[in-house]
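Heads up: the sequence shown runs through residues 332 to 638, numbered per this note's numbering.
Built from N, CA and C at the ideal position, the CB exists for glycine as well.
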Amino acid sequence: MTKKTKSAKLVIVAGEVSGDVHGARLITALKQRNPDLEIYGIGGDLMVAEGLQPLFHIKEMAFLGVGEVIRHLPFILRVFKEMEALVERVQPSAVILIDYPGFNIRFARKMKKRGVPVIYYISPQLWAWGKKRVFKIKKYVEKMLVIFPFEKTFYTGYGIESEYVGHPLVDRHYQSVRPKTTGAGDKILGLLPGSRRQELEKLFPDMLKAAYLMVQAGEIAKAKVLKVNTIPLEEYKRYIGSYAGIEIYDGPLPEFYNGLDAALVSSGTATLETAYFQVPLVIVYRVNSLTWFLGKRLVKLDQIGLA
């Protein structure tokens with residue numbers, strides 16, 4: 332009788348929609364190498380569909396700004412506690428963290444204490460803000476898997492092992508085809524208010540007003556809103572109400588972007604996606620006073636968006 336080998340196990344933590352997308356692709360690739368691989372952790376519907384056994388869903392992890400974090404602190408502490416218990420129970424060979432630095436860097440510290448190797452896939456933007464955190468990365472993380480060449484240079488400069496693995500957006504082999512419009516009356520404006528309910532609440536109403544005024548003035552034919560899977564369709568409809576010329580899009584990204592002439596985009600991953608598809612964009616965002624005060628003192632770049 333042959334002895335049954337112990338199944339390989341990993342814990343993956345993604346706390347945002349973009350992390351769910353990248354995490355799902357990562358799980359697919361890992362499963363191709365080892366179909367028996369067991370994967371636990373935090374993610375969204377896409378990661379679950381690829382085989383993640385979730386302890387928490389990204390819908391529960393969407394905290395916007397310092398105030399939101401403070402208000403949800405008891406829940407966040409419970410997540411840490413239950414994730415540590417998960418690691419103790421399944422004994423993974425490694426933990427893979429995907430962006431989401433507010434939670435993940437602290438979780439990396441806890442894993443380091445337990446002797447669990449930590450791999451960080453998709454770096455926090457430490458080169459833009461909070462450079463002091465790079466020393467925490469050096470202390471707690473075994474290896475950085477970065478998606479921009481300059482990030483490898485950044486981490487190498489601090490003596491941190493890193494590998495440039497390419498950007499997932501490019502790896503999807505999306506084709507950018509600019510729309511052919513004949514005049515203002517045919518133009519379409521994209522609205523991308525973000526993946527969190529708080530972003531929808533703070534940004535979407537003003538986006539809708541701007542789009543409606545442009546439709547009324549004949550500057551655009553209509554506006555298309557990109558739906559994300561963390562926000563129910565009914566919430567979009569509730570905000571849109573009786574506004575004319577506003578459509579909700581829930582489908583493949585290339586078809587959405589390639590049909591746009593311009594876009595209003597919430598600051599985040601979507602800005603890079605929009606730029607990749609060569610759509611002119613305006614980046615918008617709104618935070619509370621405390622987050623603004625802290626951000627002005629932490630952020631070291633003049634540009635708000637990577638695009």
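Under DSSP, the beta-bridge partners assigned to residue 426 are 342 and 449. Residues of the same chain with a CB within less than 6 Å of the CB of residue 612, apart from the 5 flanking positions on each side, are 594, 596 and 605 in chain order. In the DSSP assignment, residue 570 falls outside any beta strand (DSSP E) and lies within the alpha helix (DSSP H) extending over 564–571.
Judged by beta-carbon spacing, residue 534 lies within the 8 Å limit of residue 615, meaning their Cβ atoms are closer than that value. Per DSSP, residue 585 has no beta bridge partner at all. Scanning 547, 359, 546 and 419 for the CA closest to the CA of residue 378 turns up 359.
For residue 495, same chain residues with a beta-carbon under 8 Å away, outside a window of 5 residues either side, are 477, 478, 479, 480, 482 and 483 in chain order. About 22 Å separates the Cβ atoms of residue 518 and residue 581, ruling out a contact at the 8 Å cut-off. Between the beta-carbon of residue 436 and that of residue 464 there is about 6 Å, and that keeps the pair under the 8 Å contact cut. Bounds of any beta strand (DSSP E) do not take in residue 363; it lies within the alpha helix (DSSP H) bounded by 348–364. Residue pairing by DSSP places residue 612 opposite 594 in a beta bridge.
Per DSSP, residue 551 is not a residue of any alpha helix (DSSP H), being assigned neither H nor E. Pairing residue 571 with residue 531 gives a Cβ-Cβ distance that is not under 8 Å.
Distance from the CA of residue 364 to the CA of residue 370, rounded to the nearest whole angstrom, comes to 13 Å. The continuous beta strand (DSSP E) containing residue 474 extends over residues 474–477. If you check the CB distance, residue 347 and residue 373 do not come in under 8 Å.
Sixteen is the threshold: when 16 or more other Cβ atoms of the shown chains lie within 10 Å of the Cβ of residue 343, as they do, the residue is buried. The criterion of a C-beta distance shorter than 8 Å is not satisfied by residue 425 and residue 557.
Judged by beta-carbon spacing, residue 431 lies within the 8 Å limit of residue 350, meaning their Cβ atoms are closer than that value.
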